[in-house]
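Residue numbers (the numbering used here): 1221 to 1358. Every residue, glycine too, gets a C-beta built ideally from N, C-alpha and C.
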């Protein structure tokens, strides 16, 4: 994980929830990570779909995921489908983010198995509202 092993062990023991944040836009990652951590979660960052896949395939604990729909290497819908087909990851709640608001794209998130859709650009308040769903689900 992206923290010292002893710190992670402490966080796990204290009941912290780990949220995967996968986006190729550093400014979005900073915003999401800041809001996620201000809401009491621990943000685990992936800079693209391949890195998100590696994190999810490892033994790292992930309690929720906020994933961009359009990323290099592996798209967000494919990440969600992978999670829904994996026994260890199937029940993890996922939020998909995208700037592409076409009807086709917005219908893809539900088909993929995401619990929520967050259109870009979004405000910190909108993200906090969606994270409220996470708090109930994780």
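Under the rule that 16 or more other beta-carbon atoms within 10 Å means buried, what is residue i, buried or exposed?
{"i": "residue 1253", "result": "buried"}
{"i": "residue 1288", "result": "buried"}
{"i": "residue 1264", "result": "buried"}
{"i": "residue 1318", "result": "buried"}
Out of curiosity, what's the CA-to-CA distance linking residue i and residue j?
{"i": "residue 1353", "j": "residue 1343", "result": "16 Å"}
{"i": "residue 1337", "j": "residue 1271", "result": "21 Å"}
{"i": "residue 1312", "j": "residue 1305", "result": "11 Å"}
{"i": "residue 1267", "j": "residue 1236", "result": "22 Å"}
{"i": "residue 1423", "j": "residue 1261", "result": "Past the boundaries of the shown model lies residue 1423; the chain is included only from 1221 to 1358, so the question cannot be answered."}
{"i": "residue 1295", "j": "residue 1356", "result": "26 Å"}
{"i": "residue 1281", "j": "residue 1241", "result": "13 Å"}
{"i": "residue 1247", "j": "residue 1307", "result": "32 Å"}
{"i": "residue 1257", "j": "residue 1239", "result": "9 Å"}
{"i": "residue 1297", "j": "residue 1290", "result": "9 Å"}
Within the same chain, show all residues whose beta-carbon is closer than 7 Å to that of residue i, passing over the 5 residues directly before and after it, in chain order.
{"i": "residue 1292", "result": "1244, 1268 and 1269"}
Checking 7 Å against the spacing of the C-beta atoms, do residue i and residue j come in under that value?
{"i": "residue 1321", "j": "residue 1341", "result": "no"}
Closer than 8 Å by C-beta to residue i: which residues in its own chain qualify, once you throw out the five before and the five after it? Chain order, please.
{"i": "residue 1346", "result": "1338"}
{"i": "residue 1303", "result": "1276, 1285, 1309, 1310, 1312, 1314 and 1333"}
{"i": "residue 1301", "result": "1332 and 1333"}
My guess is that residue i and residue j are in contact by the Cβ rule of under 8 Å, so how many angstroms apart are they, rounded?
{"i": "residue 1259", "j": "residue 1351", "result": "5 Å"}
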